[in-house]
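To start, the structure under review is shown below, and the notes come after it.
There are 2 protein chains.
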Amino acid sequence: MSDNIRRNMPLFPIGTVMSLTELSARQIRYYEEHGLVNPARTEGNRRLFSFNDVSRLLEIKDLIDQGVNMAGIKKILIPNPTESDEEEKEEKVVKKELSDNELRKLLKDELIQAGRFNRTSLRQGDMSRFFH
Amino acid sequence: MSDNIRRNMPLFPIGTVMSLTELSARQIRYYEEHGLVNPARTEGNRRLFSFNDVSRLLEIKDLIDQGVNMAGIKKILIPNPTESDEEEKEEKVVKKELSDNELRKLLKDELIQAGRFNRTSLRQGDMSRFFH
DNA sequence: ATATGATGTTAGATTTTATAACACGAAAAA
DNA sequence: TTTTTCGTGTTATAAAATCTAACATCATAT
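Quick mapping for you: the protein sequence lines, in order, are chains R and Z.
For the first sequence, counting from 1, position 69 maps to 69 in my numbering; every step adds exactly one.
In my numbering, each number is its position in the second sequence, counted from 1, plus 1000.
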């Protein structure tokens, strides 16, 4: 219930996320540029990532490691395809470029990821103290 | 089991800890000076706090709010009194200064705190991915 | 009245992060 | 094959966050 709040709390600076995910700052910012994560910002404009953001980046990394490109990852991770305009175009193009086999593979990954990350419950007994 | 590892991972810069605990940087550093927390450091010497550190600071804050002073907090939170030399002296002095009533109060707080923070399990389904 | 304890504030140095631009190799397109 | 595009590395420059150390302050204890 409030687990969502907890998982969405902006907590980590990019340095921490780098070591947590073993992604470079460049990569993390690039994925953000493509709308795959939306870290909060401090007053001073520094990124602050939540547990959900980190999970997201770990998903992305898995997909990257499996050879999926940006377009594919967007297809998999961005739920509502009817909102952006630039992305929508790209996504359509991608769809045509993927074979049935590839699509099945992506779908499988998607389900695997969904399952994996829905289990991510982050029950931290005293996390309630983190909210005022 | 590896929950301990998870809870001890250096994750948070002092700014995050400030908003999480509502303590000032000055206070946090002061408590560290007194050995109440031992945050890790980055290569560049910036503090990185773990969940345990944050819990510790929240305990400290509770005690402060209850009117307990540094000496009392040390008494309560530092487990092994036979290790430091400077602290040991101070602690002995304090012991004499506390009335029976105060001692009971501190003991009660200690038990309350212990109970509260032993329940802090931090089971985060996918936290295992945070370790390499 | 003075000393101590806990915290605020300030100054100057260092680290971390930000954006933007350019480089580059691999893969895709022409 | 040549040319683009994609994903990432690298570099430069600026700004923010944090560090230590010193001094200020106010309440409490002596």
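We put the beta carbon where it would ideally sit given N, CA and C, even for glycine.
Cα-Cα separation between residue i and residue j, rounded to whole angstroms
i          : j          : result
Leu58(R)   : Pro1010(Z) : 18 angstroms
Val1093(Z) : Glu1022(Z) : Confidence at Val1093(Z) is low in this model, with a pLDDT of 43, below 50, so its placement is unreliable and the value that follows should be read with caution. Going from the Cα of Val1093(Z) to the Cα of Glu1022(Z) covers about 30 angstroms.
Arg56(R)   : Gly1067(Z) : 43 angstroms
Ile1064(Z) : Pro1013(Z) : 22 angstroms
Ser1024(Z) : Thr1042(Z) : 20 angstroms
Glu1033(Z) : Gln1027(Z) : 10 angstroms
Met70(R)   : Tyr31(R)   : 8 angstroms
Asp3(R)    : Ser50(R)   : 12 angstroms
Val1017(Z) : Pro79(R)   : 33 angstroms
Ile1005(Z) : Gly1015(Z) : 23 angstroms
Gly72(R)   : Gly1072(Z) : 58 angstroms
Beta-carbon spacing of residue i, residue j below 9 angstroms
i          : j          : result
Gly35(R)   : Lys74(R)   : yes
Ala1040(Z) : Arg1047(Z) : yes
Asn38(R)   : Arg7(R)    : no
Per-residue burial, residue i [other beta carbons within 10 Å of its own, 16 or more giving buried]
i          : result
Gly1044(Z) : exposed
Closer than 9 angstroms to chain R by CB, residue i
i          : result
Ala1063(Z) : Rather than Ala, the amino acid found at residue 1063(Z) in this sequence is Leu. Not closer than 9 angstroms to any Cβ of chain R, the Cβ of Leu1063(Z) fails to qualify, so no.
Leu1036(Z) : no
Whole-Å CB distance - residue i paired with residue j, under 8 angstroms assumed
i          : j          : result
Val1054(Z) : Leu1020(Z) : 6 angstroms
Short CB-CB distance (under 9 angstroms) between residue i and chain Z
i         : result
Pro211(R) : Residue numbering for chain R in the displayed model covers 1 to 132; residue 211(R) lies beyond these limits and cannot be assessed.
Leu48(R)  : yes
Leu20(R)  : yes
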